[in-house]
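The next block holds one structure in the form of structure tokens; read it before the comments.
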Amino acid sequence: MNTKVFGFLFCSAILSAQNIQNNPGSNHGNKFEQLGTILPTPNVYRTASGSPGQSYWQQRADYEIEAYLDEDKRNLRGSETITYYNNSPDDLDYIWLQLDENQQSSVKNADYPFSSTLGKFSVVEKLRPSEVPEKDNGYGVNLEKVTDAAGNALSYVVNKTMMRIDLPKALKKGDKFVFKINWNYNISNRLEKGGRGGYENFPEDGNDLYTITQWFPRMCVYSDFHGWQNHQFTGRGEFALVFGNYKVKINVPADHIVGGTGECKNYSQVLTSDQLSRYRKAESSNEPVEIVTLDEAKKAEKKKSKERKTWIFEANDVRDFAWTSSRKFVWDGMRVTIPENNNKVMAMSFYGKEAYGLYRKFSTKAVAHTIKTYSEFTIPYPYPVAQSVEAANGMEYPMICFNYGRTEKDGTYSEAIKNGMLGVIIHEVGHNFFPMIINSDERQWSWMDEGLNTFVEYLTEEKWDNKFPSKRGPAWTIVDYMKLPKDELEPIMSNSENIARFGPNAYSKPATGLNILRETIMGRELFDKAFKTYAKRWAFRHPEPADFFRTMEDASGEDLDWFWRGWFYGTDPVDIAIDKVTVATPDFDAIPKSETVKYNVDKPVLNDFDDISKVRNREDKNIKFYVDSDKDVQDFYYRYDRGQEKVDVSKTYTTINENFDKVEKKDIRKENNVTAYQIDFSNKGGLVMPIILEFTFEDGTKLKDKVSVQIWRMNEQKVSKTYYFEKKLKSVQLDPMRETADIDTSNNWWAASPTDPAASKFQVFKQKQKEAARGASNGKVNPMQASGR
Numbered sequence: 027m028n029t030k031v032f033g034f035l036f037c038s039a040i041l042s043a044q045n046i047q048n049n050p051g052s053n054h055g056n057k058f059e060q061l062g063t064i065l066p067t068p069n070v071y072r073t074a075s076g077s078p079g080q081s082y083w084q085q086r087a088d089y090e091i092e093a094y095l096d097e098d099k100r101n102l103r104g105s106e107t108i109t110y111y112n113n114s115p116d117d118l119d120y121i122w123l124q125l126d127e128n129q130q131s132s133v134k135n136a137d138y139p140f141s142s143t144l145g146k147f148s149v150v151e152k153l154r155p156s157e158v159p160e161k162d163n164g165y166g167v168n169l170e171k172v173t174d175a176a177g178n179a180l181s182y183v184v185n186k187t188m189m190r191i192d193l194p195k196a197l198k199k200g201d202k203f204v205f206k207i208n209w210n211y212n213i214s215n216r217l218e219k220g221g222r223g224g225y226e227n228f229p230e231d232g233n234d235l236y237t238i239t240q241w242f243p244r245m246c247v248y249s250d251f252h253g254w255q256n257h258q259f260t261g262r263g264e265f266a267l268v269f270g271n272y273k274v275k276i277n278v279p280a281d282h283i284v285g286g287t288g289e290c291k292n293y294s295q296v297l298t299s300d301q302l303s304r305y306r307k308a309e310s311s312n313e314p315v316e317i318v319t320l321d322e323a324k325k326a327e328k329k330k331s332k333e334r335k336t337w338i339f340e341a342n343d344v345r346d347f348a349w350t351s352s353r354k355f356v357w358d359g360m361r362v363t364i365p366e367n368n369n370k371v372m373a374m375s376f377y378g379k380e381a382y383g384l385y386r387k388f389s390t391k392a393v394a395h396t397i398k399t400y401s402e403f404t405i406p407y408p409y410p411v412a413q414s415v416e417a418a419n420g421m422e423y424p425m426i427c428f429n430y431g432r433t434e435k436d437g438t439y440s441e442a443i444k445n446g447m448l449g450v451i452i453h454e455v456g457h458n459f460f461p462m463i464i465n466s467d468e469r470q471w472s473w474m475d476e477g478l479n480t481f482v483e484y485l486t487e488e489k490w491d492n493k494f495p496s497k498r499g500p501a502w503t504i505v506d507y508m509k510l511p512k513d514e515l516e517p518i519m520s521n522s523e524n525i526a527r528f529g530p531n532a533y534s535k536p537a538t539g540l541n542i543l544r545e546t547i548m549g550r551e552l553f554d555k556a557f558k559t560y561a562k563r564w565a566f567r568h569p570e571p572a573d574f575f576r577t578m579e580d581a582s583g584e585d586l587d588w589f590w591r592g593w594f595y596g597t598d599p600v601d602i603a604i605d606k607v608t609v610a611t612p613d614f615d616a617i618p619k620s621e622t623v624k625y626n627v628d629k630p631v632l633n634d635f636d637d638i639s640k641v642r643n644r645e646d647k648n649i650k651f652y653v654d655s656d657k658d659v660q661d662f663y664y665r666y667d668r669g670q671e672k673v674d675v676s677k678t679y680t681t682i683n684e685n686f687d688k689v690e691k692k693d694i695r696k697e698n699n700v701t702a703y704q705i706d707f708s709n710k711g712g713l714v715m716p717i718i719l720e721f722t723f724e725d726g727t728k729l730k731d732k733v734s735v736q737i738w739r740m741n742e743q744k745v746s747k748t749y750y751f752e753k754k755l756k757s758v759q760l761d762p763m764r765e766t767a768d769i770d771t772s773n774n775w776w777a778a779s780p781t782d783p784a785a786s787k788f789q790v791f792k793q794k795q796k797e798a799a800r801g802a803s804n805g806k807v808n809p810m811q812a813s814g815r
């Protein structure tokens with residue numbers, strides 16, 4: 027969903043994600059602690075590799091729906107038959123459905139209030155005296171009839187936005203249950219009351235534009251990881267839904283144009299012959315063709331038909347169904363082919379005259395570009411249709427989405443409106459992949475669809491126009507959010523309802539994190555392969571966060587637990603500072619003098635303390651020690667340890683250490699121009715990241731280096747890195763491309779200065795011999811030699 031819908035701040039409790047640290051008092055051992063203590067235990071449903079297990083299962087629900095739009099009363103009536111398949115290993119005594127439209131009701135809503143205060147200013151609509159208790163505003167679902175397939179009434183209870191149906195008998199594994207629901211509700215003014223669905227009225231021509239969403243009782247998800255996902259719908263946390271097939275009949279005024287999830291099966295009955303001919307032309311066109319023209323739409327606005335038409339849609343393997351209806355629509359379309367699977371898709375757009383100057387030029391082409399680009403980075407787009415509807419907001423559903431973008435009355439528009447429109451179309455069409463196909467639980471984890479989708483949206487915007495002013499994705503764009511005080515932040519791994527700054531947390535920060543992984547930590551090739559593996563593994567399934575984290579590591583061979591822990595489970599920012607640069611040059615003249623070492627021979631190698639196990643073993647008459655029974659292994663040291671060999675341990679011996687020699691002249695000539703630079707860094711923000719440096723030399727040349735994040739593993743607060751160059755450094759820049767989201771760049775710079783102290787010297791020698799092999803003699807007199815043996 028587009029964050030512009032939620033352009034205000036929410037005040038809510040902060041949910042701290044579990045971020046276990048096994049060594050909290052130390053300067054190491056925390057940032058790189060593995061996530062094994064946090065992630066759920068792998069099982070037969072979800073493996074340690076992040077893929078679905080051999081016993082993975084998920085439920086299914088098929089729908090047959092008939093809907094009647096009463097434009098005069100602004101009421102929607104519907105009847106539906108649901109076939110619910112129990113693929114779980116559990117017996118189900120009841121099932122849960124979602125009644126999302128109850129959120130519009132003053133008495134049936136989820137009852138998740140926000141704190142309210144008296145401000146200096148208000149609007150007259152707010153001055154209505156408070157009604158305690160609140161009176162029914164007439165919105166919300168009215169259930170007319172709930173029966174089984176034979177027409178027998180079913181027992182049910184409504185809990186706010188959720189509905190439980192008690193089954194006549196337990197639904198066994200492998201069985202299905204068929205039931206029917208008749209319902210209606212009053213359609214709300216979407217711009218006045220908010221929300222995803224409703225109507226928008228256009229006073230100038232007296233017409234409505236309907237976006238019908240969350241409009242029918244829908245099955246909740248029952249899963250191996252959650253059981254029933256029946257958390258209330260508050261208007262923010264979106265949807266957890268079940269895949270199935272849909273057959274939907276929509277009865278509307280005869281002059282309305284309808285767009286919906288799936289394919290329309292009766293265009294020949296609802297379109298004029300000219301419109302049908304244009305649709306056939308669009309099916310083979312690589313440029314958008316107006317199926318309903320601007321002139322036809324303007325004429326339809328001027329009179330309202332009293333006749334009715336029924337549009338029939340079918341959609342397979344989708345998790346939801348949404349539709350739009352209005353006589354105001356211009357409708358265009360074109361054919362786009364997805365190269366990866368050769369799928370022929372109808373890309374289409376619906377929009378009123380108010381958006382014509384933008385949508386006619388850009389919308390359908392942006393739809394085509396989006397599904398093609400997402401197919402490159404995830405899985406090939408599998409559906410036959412992809413549609414964009416201009417409806418003054420942003421929201422997504424399978425094969426159809428609602429977006430904004432209108433011109434001034436003279437047809438002109440600002441660049442900000444154009445870019446915003448393109449961004450929201452790409453974002454909402456992109457939701458076809460996350461979560462419409464890779465079907466995460468939006469009610470629990472908003473970032474799994476919004477964050478992942480925003481990341482691929484950024485990749486798609488980049489491929490649309492390299493100059494596109496993307497606001498979410500590049501690392502530098504998240505800095506202001508990361509600078510906020512800790513009491514205003516919560517981890518990405520927080521429930522949707524409990525996030526104060528929803529946009530940055532659920533959209534920007536996860537998208538930025540993935541871009542940092544791709545560009546800075548893993549590299550594009552490795553990241554892209556792992557990301558596609560995740561998409562392929564969990565297409566048409568229900569992934570959880572652990573499935574994503576594990577797959578990204580499993581498919582790349584990269585240990586990323588430090589990144590998930592810091593970026594997703596924590597709130598620490600990145601702030602790496604250059605504290606000091608020490609400059610030194612080599613001194614080849616001095617040679618260390620031969621060192622005379624004095625020592626005594628080693629005393630018997632025995633433990634300093636006779637521990638309880640040794641004492642008890644000696645006292646146990648059943649224990650026979652091997653060395654006591656085999657005289658062949660009773661060597662000098664067997665007797666030495668027991669005082670049977672006499673050695674003068676007070677006698678002093680000497681040895682001479684001569685490991686170094688003077689550097690040869692040819693090596694001095696080769697290395698004499700080298701200057702060493704020790705750069706000291708501190709981790710002021712807390713979140714570890716690779717150290718990216720750009721060196722600028724006195725001759726104007728530049729050099730870049732990236733030090734792996736693993737340099738922090740032994741000290742998460744301070745590290746040093748030494749470089750040797752044959753040219754003098756002029757400056758050092760930390761994170762020159764601002765790719766780590768460092769919140770303070772003022773400490774990312776060092777420059778040489780005439781006032782700096784003179785370079786110090788460090789002595790250089792040639793090593794005379796290699797270190798002795800492990801286990802070899804060290805050249806000292808040992809007790810055997812001292813005893814004369």
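If you read the sequence shown in the working numbering, its first letter stands for residue 27, the second for the next number, and so on. C-beta: ideal position from N, C-alpha, C; glycine also. Computed from a prediction, not measured in an experiment: that's the story for all the values here.
Alpha-carbon spacing of residue i relative to residue j, whole angstroms
{"i": "Val411", "j": "Tyr377", "result": "17 Å"}
{"i": "Val450", "j": "Pro279", "result": "30 Å"}
{"i": "Met578", "j": "Phe553", "result": "8 Å"}
{"i": "Leu755", "j": "Thr727", "result": "10 Å"}
{"i": "Phe751", "j": "Ile463", "result": "53 Å"}
{"i": "Tyr625", "j": "Ser676", "result": "10 Å"}
{"i": "Gln295", "j": "His453", "result": "33 Å"}
{"i": "Leu485", "j": "Pro716", "result": "23 Å"}
{"i": "Ser772", "j": "Leu543", "result": "24 Å"}
{"i": "Ser655", "j": "Asp628", "result": "27 Å"}
{"i": "Leu515", "j": "Ile525", "result": "8 Å"}
{"i": "Asn808", "j": "Arg644", "result": "29 Å"}
{"i": "Asp506", "j": "Glu327", "result": "46 Å"}
{"i": "Ser746", "j": "Glu545", "result": "24 Å"}
{"i": "Lys527", "j": "Trp471", "result": "With the sequence shown as reference, residue 527 is identified as Arg, and Lys is not the correct amino acid for it. The straight-line gap from Cα to Cα measures roughly 15 Å."}
{"i": "Thr363", "j": "Asn312", "result": "9 Å"}
{"i": "Asn101", "j": "Thr390", "result": "31 Å"}
{"i": "Gly270", "j": "Phe566", "result": "10 Å"}
With 16 other Cβ atoms within 10 Å as the buried cut-off, status of residue i
{"i": "Ser81", "result": "exposed"}
{"i": "Tyr560", "result": "buried"}
{"i": "Glu434", "result": "exposed"}
{"i": "Ile91", "result": "buried"}
Test item: CB-CB of residue i and residue j under 8 Å
{"i": "Asp598", "j": "Gly712", "result": "yes"}
{"i": "Val268", "j": "Gly286", "result": "no"}
{"i": "Trp337", "j": "Ile276", "result": "yes"}
{"i": "Pro424", "j": "Asn367", "result": "no"}
{"i": "Trp490", "j": "His395", "result": "yes"}
{"i": "Asp415", "j": "Ser351", "result": "The residue asked about is misnamed: residue 415 is Val in this sequence, not Asp. No, Cβ-Cβ distance for Val415 and Ser351 is not below 8 Å."}
{"i": "Pro630", "j": "Asp667", "result": "yes"}
{"i": "Phe259", "j": "Gln129", "result": "yes"}
{"i": "Arg361", "j": "Glu422", "result": "no"}
{"i": "Arg72", "j": "Asp587", "result": "no"}
{"i": "Gly596", "j": "Pro517", "result": "yes"}
Cutoff 6 Å; reference residue i; Cβ partners in own chain excluding five residues on either side
{"i": "Pro365", "result": "none"}
{"i": "Ala74", "result": "Pro68"}
{"i": "Met740", "result": "His54"}
Cβ shell of residue i (< 7 Å), same chain only, five flanking positions each side left out
{"i": "Gln301", "result": "Ile317, Val318"}
Selected residue, minimal CA-CA separation from residue i, among the options
{"i": "Tyr89", "options": "Tyr71, Phe339, Gly263", "result": "Phe339"}
{"i": "Leu217", "options": "Lys391, Arg665, Leu510, Tyr430", "result": "Tyr430"}
{"i": "Arg86", "options": "Arg345, Arg222, Glu570", "result": "Arg345"}
{"i": "Glu551", "options": "Gly51, Glu333, Gly583", "result": "Gly583"}
{"i": "Tyr248", "options": "Thr298, Gly261, Arg190", "result": "Arg190"}
{"i": "Asn804", "options": "Ile682, Leu760, Ile121", "result": "Ile682"}
Proximal residues to residue i (C-beta, below 8 Å), its chain only, five neighbours per side dropped
{"i": "Lys733", "result": "Rather than Lys, the amino acid found at residue 733 in this sequence is Val. Contacts found: Pro716, Ile717, Ile718, Leu719, Lys747."}
{"i": "Lys787", "result": "Ala610, Thr611, Pro612, Asp613"}
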